[in-house]
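Heads up: the sequence shown begins at 0 in numbering that gives the first Met the number 0, then just goes up one per residue. No residue lacks a Cβ here, since even glycine has one placed at the ideal position from N, Cα and C. Notes for the one structure printed next.
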Amino acid sequence: MTKRSKAYRAAAEKIQSGILYTPTEAVRLAKATSVTKFDSTVDVVLRLGVDPRKADQMVRGTVSLPHGTGKTARVVVFAQGERAEQALAAGADEVGSDDLIAKVAGGYTDFDAAVATPDLMGKVGRLGRVLGPRGLMPNPRTGTVTMDVTKAVTDIKGGRIEFRVDRAANLNFVIGKVSFTEDQLEENLRVALDEVLRLKPSSSKGRYILKATMATTMGPGIPMDVTKA
């Protein structure tokens, strides 16, 4: 048995079966049950009462966390001319048009977010097979197809996260690192939950959030009662 599995078992024993923890309790437990030697990411997974197969029940959005994610996102921008210069000045990691499109088409995906100006979306749209499955495709709804590349890059670098419900109606997002204070993690969680709740589809009936779990990287899941957030 590896040391990691022993650490996981010890961490899991701190979580009582059948208990739904308040967000405050879950954050405290997340910090106590981290099993990695590095600064683990704290993730939240929600099971939603929606049918993602229906277009009017797709839940997708972005939110800027007040304390960031603890990670500086790598951002590429598909732009040219003045907009390309603005993106570089805002801190984009890589900027280009046809050259960057060709690079991504060849399999380059070493970045966390992609932004594009509307005039290039005709070409960027061809990258759907590469960017789509990774959730990296620029989209007007998330503010990543825009002429204001400065704001887009600044927001993403500053801790804006993007979330989208998957085919199984699960929605995942990051709220920070284990090294964050409990107050910082809880405030990030509340802000993210507020946005998810705001985006509840009008066609979704019954309970909206069916299940909520918090966990650190490779750590055990902590069941949450988000009604107490």
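Residues near residue i by beta carbon distance below 7 angstroms, same chain, minus five either side
i      : result
Val34  : Arg3, Ala6, Tyr7, Ala10, Met217 and Gly218
Pro65  : Glu186, Asn187 and Val190
Thr234 : Here the chain has residues from 0 to 228 only, and residue 234 is not among them.
Asp55  : Pro200 and Ser202
Residue i, DSSP secondary structure in three states
i      : result
Gly127 : helix
Val103 : helix
Ala113 : strand
Val94  : strand
Met213 : strand
Met0   : The predicted position of Met0 is uncertain, since its pLDDT is 39 and thus under 50; a value taken from the coordinates is nonetheless stated next. DSSP places Met0 in coil when its eight states are reduced to three.
Val34  : coil
Residues that residue i bridges to, as DSSP identifies them
i     : result
Tyr20 : Met223
Thr61 : Glu161
Phe77 : Gly95 and Ala115
Residues of its chain near residue i, where Cβ-Cβ distance is below 8 angstroms and the 5 sequence neighbours each way are ignored
i      : result
Gly134 : Glu161 and Arg163
Asp109 : Arg73
Thr1   : Unreliable positioning characterises Thr1 in this predicted model, as indicated by a pLDDT of 46, which lies under 50. The coordinate reading is nonetheless provided below. Nothing listed; no residue qualifies.
Nonlocal neighbours in the same chain, by C-beta distance under 6 angstroms from residue i, ignoring five residues either side
i      : result
Ser178 : Asp38
N- and C-terminal bounds of the beta strand (DSSP E) containing residue i
i      : result
Asn171 : Asn169 to Lys176
Ala88  : That residue, Ala88, is in no beta strand (DSSP E); its alpha helix (DSSP H) goes Glu81 to Ala89.
Contact belief for residue i with residue j at Cβ below 8 angstroms, rounded distance in angstroms
i      : j      : result
Val62  : Glu194 : 4 angstroms
Thr149 : Ala112 : So it is not a contact: roughly 15 angstroms between Cβ atoms.
Ala31  : Lys13  : 6 angstroms
Val43  : Ile174 : 6 angstroms
Ala29  : Thr212 : So it is not a contact: roughly 10 angstroms between Cβ atoms.
Run of the alpha helix (DSSP H) containing residue i, from where it starts to where it stops
i      : result
Ile14  : Unbroken run through Ile14: none, as it is neither H nor E.
Lys156 : Val148 to Lys156
Val44  : It is not in any alpha helix (DSSP H) - Val44 instead sits in the beta strand (DSSP E) that spans Thr40 to Leu47.
Leu184 : Glu181 to Arg197
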